[in-house]
Amino acid sequence: MEDLRSLRQRNPEHKVPERDQYGFEVRPSNMVARKRMDALDNVSIPAHWTHPALHKTRSALQAARHSALTPDMSYDIDGDGFVSQRDYHHARKWDSERIGKLTSQQRELALKEEYSSLSAKLTDSEIGGNTRARVIMNALKEAPEVNDTWRHYNLREASLVINSLKHKSSQQATDCMSSPNVPVNSGPGGRALTRAQMLANRREEYVNEAKATADRIAKDIM
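Residue numbers (our numbering): 1 to 222.
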């Protein structure tokens, strides 16, 4: 008599029949058996499951995502070696294809815009007789520097000159001194020039408000 192991090896696909409580074999109907077999016929494996992974490890996936989010060095407008928020804002306007990279023509237009915007920040009256500032501002009207190192130096020097002259230029002094010829009312109820005048004005407002309230109450009573 063969043992159970030899029977399994000889008939690997054999299944033990299901029997009811009376020992009779339970045979499902053909319709039920067909439904059990056809339950997964309409289920198909998604196509992207069969494609090989682009990145074999999670670290490689994170590195690829980081490189995709990092802007290209063609976005570096001021030439300082990294893409700042200001560089990204200016270069993004010229990236018409939205590929995160500027062509040579687009980069040239972006640099010209940067140079022209800086050259228009100071007027002749603000420059005055400052020869060095005039030379620097006139250099911005020429073709932009292609070399990043020299361009960063030129733009940084121009920014320092603009910031320094904006605070002490003759044009600013003229604007400050050309105030309207209107007498300043520093008395009670007028514009307060000191803290004492401000307190006096507030005290006067409180007194007037209290008098108006008292008059209104007296009128209502009468």
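Note that CB positions come from ideal geometry on N, CA and C, so glycine has one too.
- Rounded C-alpha distance that separates Ile99 from Ala63: Position 99 of the sequence shown, counted from the start, is the residue given in the question as residue 99. Position 63 of the sequence shown, counted from the start, is the residue given in the question as residue 63. Whole-angstrom Cα-Cα distance: 19 Å.
- Item | Check whether Glu142 and Asn154 have beta carbons under 7 Å apart | In the sequence shown, the residue the question calls residue 142 occupies position 142. In the sequence shown, the residue the question calls residue 154 occupies position 154. Result no, Cβ atoms of Glu142 and Asn154 do not sit closer than 7 Å.
- Message: Taking its Cβ as the centre, do 16 or more other Cβ atoms sit within 10 Å of Val184, making it buried, or is it exposed?
- Response: By one-based count along the sequence shown, residue 184 stands at place 184. In this prediction, Val184 scores a pLDDT of 49, lower than 50, which makes its location untrustworthy; no coordinate-derived value is stated.
- Can we say the stretch 74-91 touches the stretch 104-119, given the rule of at least three CB pairs closer than 8 Å? yes
- CB Leu122 to CB Met137, shorter than 7 Å? For the purposes of this step, residue 122 is taken as residue 122 along the sequence shown, with counting starting at 1. For the purposes of this step, residue 137 is taken as residue 137 along the sequence shown, with counting starting at 1. For Leu122 and Met137, yes; Cβs fall inside 7 Å.
- Query: What whole-angstrom Cβ distance do Ala133 and Leu165 have, given they're in contact under 8 Å?
  - Reply: As a first step, residue 133 must be located in the sequence shown, where it is residue number 133. As a first step, residue 165 must be located in the sequence shown, where it is residue number 165. Right, the Cβ-Cβ distance comes to about 6 Å (below 8 Å), so this counts as a contact.
- When you compare only the Cα positions, how much space is there between Val16 and Val43? In the sequence shown, counting from the first residue as 1, residue 16 sits at position 16. In the sequence shown, counting from the first residue as 1, residue 43 sits at position 43. If you take the alpha carbons of Val16 and Val43, they lie about 28 Å apart.
- Task: Please state whether DSSP places Arg134 in a helix, a strand or coil.
- Result: Here residue 134 refers to the residue found at position 134 of the sequence shown. Arg134 falls in the helix class under three-state DSSP.
- Specify the secondary structure class of Arg5 as computed by DSSP and reduced to three states. What you label residue 5 is simply residue 5 of the sequence shown in a count that begins at 1. Correct three-state label for Arg5: helix.
- Message: Using only the alpha-carbon positions, how far apart do Glu209 and Ile162 sit?
- Response: If you number the sequence shown from 1, residue 209 lands on position 209. If you number the sequence shown from 1, residue 162 lands on position 162. Rounded to the nearest angstrom, the two C-alpha atoms are 51 Å apart.
- Message: When you compare the CB positions of Leu118 and Ala158, do they come within less than 7 Å of one another, or not?
- Response: Counting from 1 along the sequence shown, the entry for residue 118 is found at position 118. Counting from 1 along the sequence shown, the entry for residue 158 is found at position 158. Yes, the pair counts as a contact, with Cβ atoms nearer than the cut-off.
- Message: Under DSSP, the alpha helix (DSSP H) around Val207 begins and ends at which residues?
- Response: Walking along the sequence shown from the start, residue 207 turns up at place 207. Val207 -> alpha helix (DSSP H) spans 195-221.
- Note down the Cα distance separating Lys219 from Ala200, rounded to an integer number of angstroms. What you label residue 219 is simply residue 219 of the sequence shown in a count that begins at 1. What you label residue 200 is simply residue 200 of the sequence shown in a count that begins at 1. Cα to Cα, the separation comes out at about 29 Å.
- Short CB-CB distance (under 7 Å) between Lys166 and chain C: Among the chains of the structure shown, chain C does not appear; only one protein chain is present.
- Bounding residues of the alpha helix (DSSP H) (the contiguous stretch that carries Ser117): For this step, residue 117 is matched to residue 117 along the sequence shown. It spans 104-119 - the alpha helix (DSSP H) in which Ser117 sits, taken as one unbroken run.
- Cα-Cα separation, Val182 to Glu204: On the sequence shown, residue 182 is found 182 positions in, with the first residue counted as 1. On the sequence shown, residue 204 is found 204 positions in, with the first residue counted as 1. A caution first: Val182 carries a pLDDT of 47, below 50, which makes its placement in the model unreliable, though a value can still be read off. Going by the C-alpha atoms only, they are around 24 Å apart.
- Query: How many whole angstroms separate the CB atoms of Asp78 and His152, which I take to be in contact at a CB cut-off of 8 Å?
  - Reply: Taking the sequence shown and counting its residues from 1, the one referred to as residue 78 is at position 78. Taking the sequence shown and counting its residues from 1, the one referred to as residue 152 is at position 152. Yes, Asp78 and His152 are in contact; Cβ-Cβ is about 6 Å, under 8 Å.
- Query: According to the neighbour-count rule (16 or more other Cβ atoms, all chains shown, within 10 Å of its Cβ), is Leu140 buried or exposed?
  - Reply: Taking the sequence shown and counting its residues from 1, one reaches residue 140 at position 140. The residue in question, Leu140, is buried, as its Cβ has 16 or more Cβ neighbours within 10 Å.
- Task: With a cut-off of 8 Å on the beta carbons, I'd call Gln106 and Asp95 a contact; round off their distance for me.
- Result: By one-based count along the sequence shown, residue 106 stands at place 106. By one-based count along the sequence shown, residue 95 stands at place 95. Rounded, the Cβ-Cβ distance is 7 Å, consistent with contact.
- Expressed to the nearest angstrom, what Euclidean distance is found between the alpha-carbon atoms of Tyr75 and His55? As a position in the sequence shown, residue 75 is number 75, starting the count at 1. As a position in the sequence shown, residue 55 is number 55, starting the count at 1. Rounded to whole angstroms, Tyr75 to His55 spans 27 Å at the Cα level.
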